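Notes to accompany the following structure.
2 protein chains.
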Amino acid sequence: MARENTRAIFLGILTPKKIFGGEKMQRIGKQTIEFTAKPKIESHGAVAGKKEAEGPLSADFDQTFQDTSLQTESWEKAEAQLQKEAVSVALAKGGLKPKDIDFILAGDLLNQCISSTFGLLDYNIPFLGQYGACSTMAQTLFLAAVLVDSGAAHRAAAVTSSHFCSAERQFRTPLEYGAQRTPTAQWTATASGCAIVGRAGRVEIVRGLAGKIVDLGVKDPANMGAAMAPAAADSIYQFLQDTHTAPSDYDCIYTGDLGQVGTDLLHQTLQQNNLDLTSRHQDCGLLLYDRTQQDVHAGGSGCGCSASVLCGHILSRMEAGGLGNILFCATGALMSPTSSQQGESIPGICHVLHLRRS
Amino acid sequence: MARENTRAIFLGILTPKKIFGGEKMQRIGKQTIEFTAKPKIESHGAVAGKKEAEGPLSADFDQTFQDTSLQTESWEKAEAQLQKEAVSVALAKGGLKPKDIDFILAGDLLNQCISSTFGLLDYNIPFLGQYGACSTMAQTLFLAAVLVDSGAAHRAAAVTSSHFCSAERQFRTPLEYGAQRTPTAQWTATASGCAIVGRAGRVEIVRGLAGKIVDLGVKDPANMGAAMAPAAADSIYQFLQDTHTAPSDYDCIYTGDLGQVGTDLLHQTLQQNNLDLTSRHQDCGLLLYDRTQQDVHAGGSGCGCSASVLCGHILSRMEAGGLGNILFCATGALMSPTSSQQGESIPGICHVLHLRRS
Chain P
1101 MARENTRAIF
1111 LGILTPKKIF
1121 GGEKMQRIGK
1131 QTIEFTAKPK
1141 IESHGAVAGK
1151 KEAEGPLSAD
1161 FDQTFQDTSL
1171 QTESWEKAEA
1181 QLQKEAVSVA
1191 LAKGGLKPKD
1201 IDFILAGDLL
1211 NQCISSTFGL
1221 LDYNIPFLGQ
1231 YGACSTMAQT
1241 LFLAAVLVDS
1251 GAAHRAAAVT
1261 SSHFCSAERQ
1271 FRTPLEYGAQ
1281 RTPTAQWTAT
1291 ASGCAIVGRA
1301 GRVEIVRGLA
1311 GKIVDLGVKD
1321 PANMGAAMAP
1331 AAADSIYQFL
1341 QDTHTAPSDY
1351 DCIYTGDLGQ
1361 VGTDLLHQTL
1371 QQNNLDLTSR
1381 HQDCGLLLYD
1391 RTQQDVHAGG
1401 SGCGCSASVL
1411 CGHILSRMEA
1421 GGLGNILFCA
1431 TGALMSPTSS
1441 QQGESIPGIC
1451 HVLHLRRS
Chain G
1101 MARENTRAIF
1111 LGILTPKKIF
1121 GGEKMQRIGK
1131 QTIEFTAKPK
1141 IESHGAVAGK
1151 KEAEGPLSAD
1161 FDQTFQDTSL
1171 QTESWEKAEA
1181 QLQKEAVSVA
1191 LAKGGLKPKD
1201 IDFILAGDLL
1211 NQCISSTFGL
1221 LDYNIPFLGQ
1231 YGACSTMAQT
1241 LFLAAVLVDS
1251 GAAHRAAAVT
1261 SSHFCSAERQ
1271 FRTPLEYGAQ
1281 RTPTAQWTAT
1291 ASGCAIVGRA
1301 GRVEIVRGLA
1311 GKIVDLGVKD
1321 PANMGAAMAP
1331 AAADSIYQFL
1341 QDTHTAPSDY
1351 DCIYTGDLGQ
1361 VGTDLLHQTL
1371 QQNNLDLTSR
1381 HQDCGLLLYD
1391 RTQQDVHAGG
1401 SGCGCSASVL
1411 CGHILSRMEA
1421 GGLGNILFCA
1431 TGALMSPTSS
1441 QQGESIPGIC
1451 HVLHLRRS
């Protein structure tokens, strides 16, 4: 009898918990998936450095740091701290604790993604490290939405970061060299953004597309915009084809960090395919800084650029009612200094998410 | 009328395609998810280098390369080629073409995961780059199973690679230095494995657990086994708790690449928690080489180690009927040379998958 009882209790514990009812996810067209349970962005946080705080989106950040070392001993540790702060803000704004999050998907630009590892270590949340270069915010958000919509998670967090100083010394030269930057170069944002996907919130994730690696042979590491533009064109075109929608069906189509050079190339490429994006398009890399006042050359870039613009600026505008329906298309350049030194080209990638005020 | 027809055709195209019927995924206990549609491993391929071809698993690989440069100009390009070959073999064995795969999840140990980017570029499959160090094979397989089980994908491929020579020069010293290796050091496998998850196949993915980052303060980059063992203990213990199962419920529990040092620590840690793993446990890093004949010190490691052992050795044995029910627990050390130089410890992670012959 006692054994029967124990068995009953065990079976009770073992009964798997069903989180979401309804249908499984569905595919539309060639590459797009439709989230049938429409996961929501339950909370979000964005933090940024001094230069970003001096830019036009200053008021949109939850926290800014005049001391971009964040009182740590190295730029890498500072970047990890940025990611920690972004998650902390997103949790606090949502009235959530780390134990309320079932998965955290995170990435950054540093070798072996150490900002994510060391920034998130203390949260004790199941961790899935992502690498999509500057497209990582869209990639983490896409997979967070898949995990929540599928019933695998109650809540999943998506977070990415970048830091100008850690990126410069890893990808280009240490700051102390004082190297000259070319006009096509972009400024890696010192920033981080975190979005928590769950079942409550005013913004829902409707559809998503994971991009293909697109390589048109661009080899100049000082011109990332040109390297990423073909991928942005490919993914946006395919998403519109798959969903039978036009740019005019969205209040805005945001690309990650093409900057001015990549933006011009994206418009040209899509125009050749009879798609006019110009009246609906904004680029996070062009929104983050005032290029007439701030010396950022072609615009902003880095994993933290589109992350902080999404989690600081875009989602707040959507929640406030200014925007109802957008595409978020973060772009990444999948290269390393080693691959460029070995003569490889710079392949690009772009993932697309359709967000809507519910 | 013509317009009505067009609209009808459009709506027809737009009707989302439902791939899987049945329930959404479910959560068990604290960290484990149950795949309700039980995605299957439809095909798999493993390729390896010269040293691995001289080891005890020689006959299990689909292809081996005596020339570990794979006739390319650099070790990094050779590693990318390994990944390309593993996917090619898995596709061919399954009678599949790249267009049959909806997502490819891939990762490696190189900075910015360039083996994955350049190895998979030509396949033109939607790409989601993963970074979990040597745990990446379990991570990619976990997310591939989520994508298929959720209905987001018909098929998703999981692939990882490592190369002894590219890893040595990036993480330690170039081979030409002839540096002495410590007895606790492990040998990075020159290998790659690819598994294609779909709806047909003899091995099904039953449950999965994404690990937490675990850091007990190990700082020696020449002793990865010790750094990863606590994470393996944490994830295996939690999985067994969540599912109310014991080691004896599985034919074998495979860890990724703890080597001899990490294996001993894992056994000790779990024994302190009243779990005796010894009779059911194998480590991929100890299976890949013959330590009495091959100079690999504490055993094998690298993203390609557990990937090639899973996709060459384990899955073949399961399909042949020798193994019915296993846990695959790949482990990773989430460090970089920079983080170690800056005095950081080496946090570990371990993801668990329950595979069963159906």
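Taken in sequence, the protein lines are chains P and G. Taking the working numbering as reference, the numbering of the first sequence is continuous, increasing by one, and the terminal residue is 1458. Taking the working numbering as reference, the numbering of the second sequence is continuous, increasing by one, and the terminal residue is 1458. The C-beta atom is built at its ideal place from N, Cα and C for all residues, glycine as well. Given the structure is predicted, the values throughout are model-derived calculations rather than measurements.
- Cβ neighbours of Asn-1425(G) within its own chain (closer than 6 Å, five residues either side excluded): Tyr-1350, Asp-1351 and Arg-1456.
- Membership of Gln-1382(P) in the beta strand (DSSP E) is indicated by the continuous run 1381 to 1383.
- Ala-1257(G) is bridged by DSSP to Ile-1204(G) and Ile-1296(G).
- For Asn-1425(P), there are no neighbours in chain G by C-beta distance under 9 Å, as the nearest C-beta there is about 17 Å away.
- Counting only the Cα atoms, Leu-1375(P) lies some 11 Å from Thr-1345(P).
- In the three-state scheme derived from DSSP, where H, G and I count as helix and E and B as strand, His-1413(G) is classed as helix.
- Excluding sequence positions up to five before and after Leu-1243(P), its CB lies within less than 8 Å of the CB of Leu-1205, Leu-1228, Gln-1230, Ala-1256 and Ala-1258, all in the same chain and listed in chain order.
- Apart from the 5 residues on each side of it in sequence, His-1144(G) sits with its Cβ closer than 6 Å to the Cβ of Ala-1190, Ala-1295, Cys-1411 and Leu-1415 in its chain, given in chain order.
- Considering only beta carbons, no part of the region 1179 to 1193 of chain G lies closer than 7 Å to chain P.
- By a beta-carbon distance limit of 8 Å, Ser-1408(P) does not contact Asp-1315(P). Their separation comes to about 28 Å.
- By the Cβ neighbour-count rule, Gly-1195(G) is exposed, with fewer than 16 other Cβ atoms within 10 Å of its own.
- The three-state secondary structure of Gln-1131(P), taken from DSSP, is coil.
- Boundaries cannot be given for Tyr-1277(G), as no alpha helix (DSSP H) includes it and DSSP labels it neither H nor E.
- Residues of chain G whose Cβ lies closer than 7 Å to the Cβ of Cys-1213(P) are, in chain order, Tyr-1231.
- Under the Cβ criterion (8 Å, minimum of three pairs), the region 1153 to 1169 of chain G does not count as touching the region 1218 to 1226 of chain G.
- Taking one beta carbon from each stretch, the region 1431 to 1446 of chain P and the region 1322 to 1331 of chain P have 3 or more pairs nearer than 8 Å; the two touch.
- Note: Asn-1425(P) is bridge-paired with Arg-1456(P) in the DSSP secondary-structure output.
- Nearest CB-CB separation between Lys-1197(P) and chain G: not below the 8 Å threshold.
- Under DSSP, Leu-1210(P) takes part in no beta bridge, so it has no partner.
- The region 1397 to 1404 of chain G and the region 1271 to 1286 of chain G touch, with three or more beta-carbon pairs separated by less than 8 Å.
- A residue is called buried when at least 16 other Cβ atoms come within 10 angstroms of its Cβ; Lys-1319(P) does not meet this threshold and is exposed.
- The Cβ atoms of Gln-1131(P) and Pro-1226(G) sit closer than 8 Å to each other.
- Between Leu-1358(G) and Asp-1383(G), the C-beta spacing is below 8 Å.
- Using a CB distance below 7 Å, the part of the region 1311 to 1328 of chain P facing chain G consists of Gly-1311, Lys-1312, Ile-1313 and Asp-1315, ordered along the chain.
- Nearest C-alpha to Pro-1156(P) among Met-1418(P), Ser-1406(P) and Gln-1394(P): Gln-1394(P).
- Beta-carbon to beta-carbon, Gly-1356(G) and Ala-1310(G) are separated by about 14 Å, too far to satisfy the 8 Å threshold.
- Taken through DSSP and simplified to helix, strand or coil, Arg-1302(P) comes out as coil.
- Sequence-distant partners of Gln-1181(P) (beyond 5 residues in either direction) whose C-beta falls short of 7 Å from its own C-beta, in its chain, are Leu-1170, Thr-1172 and Gly-1219.
- In this structure, Thr-1273(G) keeps its C-beta atom at 8 Å or more from the C-beta atom of Gly-1404(G).
- In chain order, Val-1306, Arg-1307 and Leu-1427 place their CB closer than 6 Å to the CB of His-1454(G), counting only its own chain and leaving out the 5 sequence neighbours on each side.
- Glu-1304(P) sits buried, since 16 or more C-beta atoms from the chains shown fall within 10 Å of its C-beta.
- Here DSSP, grouped into helix, strand and coil, assigns Thr-1343(P) to helix.
- If you keep only unbroken alpha helix (DSSP H) runs of at least 4 residues inside the region 1145 to 1194 of chain P, you get 1150 to 1153 and 1175 to 1193.
- Following the DSSP letters along the chain, one finds Cys-1352(P) inside the beta strand (DSSP E) bounded by residues 1352 to 1355.
- Considered as a whole, the region 1215 to 1244 of chain P harbours 1227 to 1229 as its complete beta strand (DSSP E) runs of no fewer than 3 residues, in chain order.
- For Gln-1441(P), the enclosing alpha helix (DSSP H) has its first and last residue at 1437 to 1441.
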